[in-house]
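Everything on this sheet refers to the single structure shown next.
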Amino acid sequence: MNLQLFAPKVWGPVCRHFLHVADIMQEICISVKGYIVMWLCRRSRQSPRGAEMGFREALSKAPGNLTSAERRISEVLLGDRRGAPLYTAAQLAEVANVHESTVVRFAQKLGYAGYLALRLELASDSMGPANLRIKTQPGSDESSLYRVLRGQIEVLEKVIDHVPQTSIDGAMKALLDADRVFLAANGLAGPLADFFARKIALLGIPSTVIHQTGAELGHQLATVRPQDIVVFFLLSTEYESIKPFESVLIDQGTTVVFVTDQPILALQPQAQFVLAVPRSELKHGVFVVLATIGYAMDYSLMQQLAARAESDD
11 MNLQLFAPKV WGPVCRHFLH VADIMQEICI SVKGYIVMWL CRRSRQSPRG
61 AEMGFREALS KAPGNLTSAE RRISEVLLGD RRGAPLYTAA QLAEVANVHE
111 STVVRFAQKL GYAGYLALRL ELASDSMGPA NLRIKTQPGS DESSLYRVLR
161 GQIEVLEKVI DHVPQTSIDG AMKALLDADR VFLAANGLAG PLADFFARKI
211 ALLGIPSTVI HQTGAELGHQ LATVRPQDIV VFFLLSTEYE SIKPFESVLI
261 DQGTTVVFVT DQPILALQPQ AQFVLAVPRS ELKHGVFVVL ATIGYAMDYS
311 LMQQLAARAE SDD
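Structure follows, in structure tokens:
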């Protein structure tokens with residue numbers, strides 16, 4: 011028998027079979043690894059840094075300002091609370107568009123021994139693998155309408171965890187006490203400011219809506235006095251463009267409110283009030299939830315005006 015002819019016919023399929031099995035085992039190991047991390051934390055119910063110190067608190071107490079790369083990492087972790095514990099350092103780096111070493115340094119900056127300790131902290135706050143939502147893959151038969159509705163529901167379910175009622179009431183009390191009300195928004199956020207302006211106008215509260223950007227925005231804000239209030243409606247990366255004006259307004263004593271889809275701004279705020287809603291994994295539902303915050307602010311104003319009217323009687 012010619013063994014040289016026989017070997018490729020036999021060993022070729024065998025090798026391909028084992029390689030296929032190896033690929034499957036690798037995927038299983040990755041999944042099991044994530045579930046083990048979450049199971050350990052659910053069993054102990056103990057944070058790696060102590061029960062009193064969660065990830066959000068660690069982020070709020072991070073020394074110095076976060077870099078743009080660290081901000082992207084934070085936004086990924088805050089935006090996907092259920093899936094975040096399953097990210098490896100390499101996967102998180104890819105999603106946040108940063109180097110893997112940046113992920114490790116970020117965890118250490120927050121006071122963790124390393125990224126694994128940070129994953130344990132995230133897992134202890136999650137709902138567990140049984141409740142992880144399954145993402146529909148591209149090409150599935152899920153309708154576009156269903157995807158949008160699912161994204162909006164996902165965001166609305168998270169709002170209570172991100173926007174305390176006390177923050178809404180505090181911001182609206184400051185608005186009622188202010189001499190003048192300014193609502194600043196540009197681009198896609200513009201209609202949100204217009205919507206809120208119309209709502210408070212029905213309550214007898216006049217406001218000035220500012221849609222300008224850059225130097226023109228600076229000229230408009232130059233007229234703002236310490237006794238006034240400025241409510242910024244911010245989407246995505248717009249914060250960087252107004253950051254210089256925020257510092258000036260706060261330094262002169264003006265009350266500043268953010269209504270935004272960037273939860274990271276609530277953890278290291280300069281503004282007195284930050285109403286930061288989460289984003290869905292599908293990137294849908296932001297306008298719906300921000301409009302919901304507008305309704306909540308309007309309702310808070312109505313309640314406070316009614317309470318003041320009763321106290322005056």
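Residue numbering for the sequence shown follows this note's numbering, beginning at 11 and increasing consecutively. Quick reminder that beta carbons are idealized off the backbone N, C-alpha and C, glycines included. Since the structure is predicted, the reported quantities are computational estimates derived from the model, not experimental observations.
- Our two residues, I210 and A103, have alpha carbons roughly 43 Å apart in a direct line.
- Around N196, the same chain offers H221 and T223 as residues with beta carbons nearer than 6 Å, after the five sequence neighbours per side are excluded.
- Below 8 Å, too few C-beta pairs join the stretch 183 to 203 and the stretch 152 to 161 to call them touching: fewer than three.
- Taking the C-beta atoms as reference points, F242 is found no nearer than 9 Å to V219.
- Bounds of the beta strand (DSSP E) holding I220 are T218 to I220.
- The continuous alpha helix (DSSP H) containing L166 extends over residues S154 to H172.
- In the three-state DSSP reduction, V267 falls in the strand class (E or B).
- Between the stretch 249 to 266 and the stretch 162 to 174, the count of Cβ pairs shorter than 8 Å is below three; the stretches do not touch.
- A check of alpha carbon separations from L245 across F255, P288, Q175 and V113 identifies P288 as the nearest.
- Of the residues assessed, T270 falls on the buried side of the cut-off, its CB having 16 or more other CB atoms within 10 angstroms.
- In the assembly as shown, K253 is an exposed residue. Its beta-carbon has fewer than 16 other beta-carbons within 10 Å.
- For V105, the uninterrupted alpha helix (DSSP H) run begins and ends at A99 to A106, by DSSP.
- According to the DSSP assignment, L87 belongs to no beta strand (DSSP E) but to the alpha helix (DSSP H) extending over S78 to G89.
- The Cβ neighbour count for T112, taken over all protein chains shown within 10 Å, is at least 16; the residue is labelled buried.
- When DSSP reads this structure, F192 sits in a beta bridge with T218 and V240.
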